[in-house]
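**Student:** In full-length UniProt numbering, the protein residues as written are 1 to 549.
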Amino acid sequence: MRDIFFRRQTNILSAAFVIMVTYGLSHFIGLFKTRMLISQFFGSGAQLLDVYYAALVIPDTIFQLLIIGALSAAFIPIFTKNLTQSKEKAWHMTASVMNCIFIVFLIVSGVVFFLAPSLARLIGPGFSGSQLATMVSLLRIMLVAQMFFSVSGFLTSIIQSHQRFLIPAMAPIVYNLGIILGIVFLSKYVGIFGPAIGMVIGAALHMLIQIPLAYKLGFRFKLILDFKDSGVREVLSLIPPRSLALGIDQIEQFVATMLASLLIPGSLSLFNVAKLLYAVPTLLFGATIGQAALPTLSQISALKDRVEFIRTLVNSFLQVSFLALPASMILIVLRVPIVRIVFGAKTFPWSATILTGQTLAVLAVSASFYAVMQLIVRGFYALHDTKTPLVVGLFSAIFNAVTGYFYVTAFNMGILGIALAISSTAIIETTIMTYLLLRKLDKLPEIAAGFKSLLRMIFVSFVTGVCLWVPMRLLDQFIFDTTRTLPLVALTMITSLIGLAVYLGLSKLMRISQLGTFVALINRVKDWRRIINSNPPSEALIIPASDQN
Numbered sequence: 001m002r003d004i005f006f007r008r009q010t011n012i013l014s015a016a017f018v019i020m021v022t023y024g025l026s027h028f029i030g031l032f033k034t035r036m037l038i039s040q041f042f043g044s045g046a047q048l049l050d051v052y053y054a055a056l057v058i059p060d061t062i063f064q065l066l067i068i069g070a071l072s073a074a075f076i077p078i079f080t081k082n083l084t085q086s087k088e089k090a091w092h093m094t095a096s097v098m099n100c101i102f103i104v105f106l107i108v109s110g111v112v113f114f115l116a117p118s119l120a121r122l123i124g125p126g127f128s129g130s131q132l133a134t135m136v137s138l139l140r141i142m143l144v145a146q147m148f149f150s151v152s153g154f155l156t157s158i159i160q161s162h163q164r165f166l167i168p169a170m171a172p173i174v175y176n177l178g179i180i181l182g183i184v185f186l187s188k189y190v191g192i193f194g195p196a197i198g199m200v201i202g203a204a205l206h207m208l209i210q211i212p213l214a215y216k217l218g219f220r221f222k223l224i225l226d227f228k229d230s231g232v233r234e235v236l237s238l239i240p241p242r243s244l245a246l247g248i249d250q251i252e253q254f255v256a257t258m259l260a261s262l263l264i265p266g267s268l269s270l271f272n273v274a275k276l277l278y279a280v281p282t283l284l285f286g287a288t289i290g291q292a293a294l295p296t297l298s299q300i301s302a303l304k305d306r307v308e309f310i311r312t313l314v315n316s317f318l319q320v321s322f323l324a325l326p327a328s329m330i331l332i333v334l335r336v337p338i339v340r341i342v343f344g345a346k347t348f349p350w351s352a353t354i355l356t357g358q359t360l361a362v363l364a365v366s367a368s369f370y371a372v373m374q375l376i377v378r379g380f381y382a383l384h385d386t387k388t389p390l391v392v393g394l395f396s397a398i399f400n401a402v403t404g405y406f407y408v409t410a411f412n413m414g415i416l417g418i419a420l421a422i423s424s425t426a427i428i429e430t431t432i433m434t435y436l437l438l439r440k441l442d443k444l445p446e447i448a449a450g451f452k453s454l455l456r457m458i459f460v461s462f463v464t465g466v467c468l469w470v471p472m473r474l475l476d477q478f479i480f481d482t483t484r485t486l487p488l489v490a491l492t493m494i495t496s497l498i499g500l501a502v503y504l505g506l507s508k509l510m511r512i513s514q515l516g517t518f519v520a521l522i523n524r525v526k527d528w529r530r531i532i533n534s535n536p537p538s539e540a541l542i543i544p545a546s547d548q549n
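Okay, structure coming up:
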């Protein structure tokens, strides 16, 4: 059993399966955590819950800029390349880069700690004095959690570069469990500080669960800073463009938080609830396949095999689309039942349910685009191009900020305006990024065939949406009393199964080859150990699509 956690996954889809299952479990626990937050604080403490979400912005930004910026675009491709040349050199580079980033993190965190009052006023201009004071305290506690993440982020990248995905994908599960422990056992004593302390506990567990496997793979903590190492210099040179790109992405979160703080109490909480559901297709499909594909794309790029790179990228693109499109349609059509089932606590009124459902629908229009973006960006990183995402992201951030402010202030659209700005920006940004990446590559038959498959998927998804809406309305009107929980769950499940059957049936009729890919994977689920352990040398990097061979 222990071997299952340490075994290597050598093809993208088996790796994505491992990540998808564990991330799915993690996101389910995350939804449960959010429901507990709503039950505990939304009714009489909606203002405090808004403050909690606002306090997350700065620590999350530090993590995104320093840790994710160093890892996703810079560290993994260079570390993978060095591993093929010299393991000793790769580990030497790893220790130097980790120590450098950790030192910078401590310096930045110290500055943020002392500037917390000013930063709180900047992010929450609509908050009262007591809310801002609480936000400052929460922000400082959350900085401690990011210290653990600064180490665990490197451990995750090391393990994934060795194509082991199970342990890193389990880490977010224990993180969410830590927050839940804080809500259950600490909130009655320290209020909204309970989940913040739980966040620190969860972050520590996130790090500790990965140390044994990283150690087994050869990682050792070393107090070295070698700026003469070519790998270290290359990683550090790639970090600024990626960090700038992530900083631009964080502008969206800053703008949303600032605008929501100006609205009625609870607005920021409702927006974050809708965004959490909106993230399901991205986390389960876009991030998982993109995350599993990055080491493989980096290896292929290092070998300068352009044909194999395009084939792998296109197949991964279509696999993300095949899963994300119907998931987006389900979120759009079944938005209210889903919100009621997941977050329908006694403290969550009907008006909040309707507004959250409307916000979710607006966001979900772009959910499949945002899922695909996770893969496209990693395609640029595998080619060592961090500047293109930076430039496109800058224009997208400006567009999002301007339109969001305009929708909220000029049209009084509230959080719906924030959602509309984010959704339209995601669609435009993904379209531009995809075009630029394909233009960067040769126009091979794989790209043309992939575009035809995508058009068929979009058509099938629209038909599926209609086939979701009709039975939902009929069951609601004539069969189920949806004012009660069990009938509501039954309606949602039956409608979803009908939609799934229509999607799969039409996919077969339209000869969408990705259906065969996932049918093969589902058949292998019966032998789940084989999926996790799959590493035959002759197995393809990704299951090929029949119309692209």
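Cβ atoms here follow ideal geometry from the backbone N, Cα and C, with glycine treated the same way.
Distance check for arginine 233 and alanine 364, CA to CA, integer angstroms please.
**Tutor:** 41 Å
**Student:** Are the Cβ atoms of alanine 196 and methionine 142 separated by less than 8 Å?
**Tutor:** Using a Cβ distance threshold of 8 Å, alanine 196 and methionine 142 count as a contacting pair.
**Student:** Give the secondary structure of arginine 164 by DSSP, where H, G and I count as helix, E and B as strand, and everything else as coil.
**Tutor:** coil
**Student:** Assign methionine 170 to one of three DSSP states: helix, strand, or coil.
**Tutor:** helix
**Student:** What do you get for arginine 76, buried or exposed, if any count of 16 or more other CB atoms within 10 angstroms of its CB means buried?
**Tutor:** What sits at residue 76 in the sequence shown is isoleucine, not arginine. Isoleucine 76 comes out buried.
**Student:** Could you give the DSSP three-state label for isoleucine 479: helix, strand or coil?
**Tutor:** coil
**Student:** Going along the chain, which residues of its own chain have a beta-carbon closer than 6 Å to the beta-carbon of glycine 153, five neighbours each way excluded?
**Tutor:** Ile67, Leu71
**Student:** Where does leucine 334 fall in DSSP's three states?
**Tutor:** coil
**Student:** Check whether the region 414-431 touches the region 345-364, taking contact to mean three or more Cβ pairs, one atom from each stretch, closer than 8 Å.
**Tutor:** yes
**Student:** Excluding the 5 residues preceding and the 5 following alanine 401 in the sequence, name in chain order all residues of the same chain whose CB lies nearer than 7 Å to its CB.
**Tutor:** Ile251, Val255
**Student:** Assuming alanine 349 is part of the alpha helix (DSSP H), what are its boundary residues?
**Tutor:** For the record, residue 349 in the displayed sequence is proline; it is not alanine. Where proline 349 is concerned, there is no enclosing alpha helix (DSSP H), given that its DSSP letter is neither H nor E.
**Student:** Give every residue of the same chain whose Cβ lies closer than 7 Å to the Cβ of methionine 98, excluding the five residues on either side of it in the sequence, and list them in chain order.
**Tutor:** Phe154
**Student:** What is the rounded straight-line gap between the Cα of lysine 188 and the Cα of glycine 516?
**Tutor:** Going by the C-alpha atoms only, they are around 51 Å apart.
**Student:** Is the region 481-494 touching the region 334-353 in the sense that three or more CB pairs, one from each, lie closer than 8 Å?
**Tutor:** yes
**Student:** Helix or strand or just coil, what does DSSP make of aspartate 50?
**Tutor:** helix
**Student:** Whose C-alpha, out of Gly417, Lys387, Phe193, Val235, is nearest the C-alpha of aspartate 244?
**Tutor:** Going by the sequence as given, residue 244 is leucine instead of aspartate. With distances taken between Cα atoms, leucine 244 lies closest to Lys387.
**Student:** Excluding the 5 residues preceding and the 5 following serine 157 in the sequence, name in chain order all residues of the same chain whose CB lies nearer than 6 Å to its CB.
**Tutor:** Leu71, Phe75, Ile76
**Student:** Rounded to whole angstroms, what is the Cα-Cα separation between glycine 126 and phenylalanine 411?
**Tutor:** 19 Å
**Student:** Would you decide whether tryptophan 350 is buried or exposed? Buried here means 16 or more other CB atoms lie within 10 Å of its CB.
**Tutor:** exposed
**Student:** By Cβ distance, which residues of its chain are closer than 7 Å to glutamine 358, with the 5 residues on each side in sequence left out?
**Tutor:** Leu416
**Student:** Compare the C-alpha of phenylalanine 165 against each of Ile209, Ser128, Thr84 and name the closest.
**Tutor:** Ile209
**Student:** Could you check how far apart the C-beta atoms of leucine 217 and isoleucine 180 are, in whole angstroms? I think they sit under 8 Å.
**Tutor:** About 30 Å; that fails the 8 Å criterion.
**Student:** Using the Cβ count rule (16 or more neighbours within 10 Å means buried), how would you classify lysine 275?
**Tutor:** buried
**Student:** May I ask you to report which of helix, strand or coil DSSP gives threonine 403?
**Tutor:** helix
**Student:** Could you spell out the range, first to last residue, of the alpha helix (DSSP H) harbouring proline 77?
**Tutor:** 76-85 is the extent of the alpha helix (DSSP H) around proline 77.
**Student:** In whole angstroms, what separates the C-alpha of isoleucine 29 from that of phenylalanine 41?
**Tutor:** 18 Å
**Student:** Nearest-angstrom Cα distance between alanine 545 and leucine 56?
**Tutor:** Note that alanine 545 has pLDDT 33, beneath the 50 cutoff, so the model's placement of it is unreliable and no number is given.
**Student:** Apart from the five residues just before and just after tyrosine 175, which ones in its own chain have a Cβ nearer than 7 Å to its Cβ?
**Tutor:** Gly202, Ala203, Leu205, His206
**Student:** Alpha carbon to alpha carbon, how far is cysteine 100 from valine 466?
**Tutor:** 54 Å
**Student:** How should alanine 397 be labelled, buried or exposed, when 16 other C-beta atoms within 10 angstroms of its C-beta is the threshold for buried?
**Tutor:** buried
**Student:** Is it true that the CB of proline 281 sits closer than 8 Å to the CB of alanine 324?
**Tutor:** yes
**Student:** Could you give the distance in angstroms between the alpha-carbon of phenylalanine 271 and the alpha-carbon of threonine 430?
**Tutor:** In this structure, the alpha-carbon of phenylalanine 271 lies about 22 Å from that of threonine 430.
**Student:** From isoleucine 418 to leucine 25, what does the alpha carbon distance come to, in whole angstroms?
**Tutor:** 29 Å
**Student:** Taking the Cβ atom as the reference point for each residue, do glycine 344 and threonine 356 lie within a distance shorter than 8 Å?
**Tutor:** No, these two residues do not count as a Cβ contact at 8 Å.
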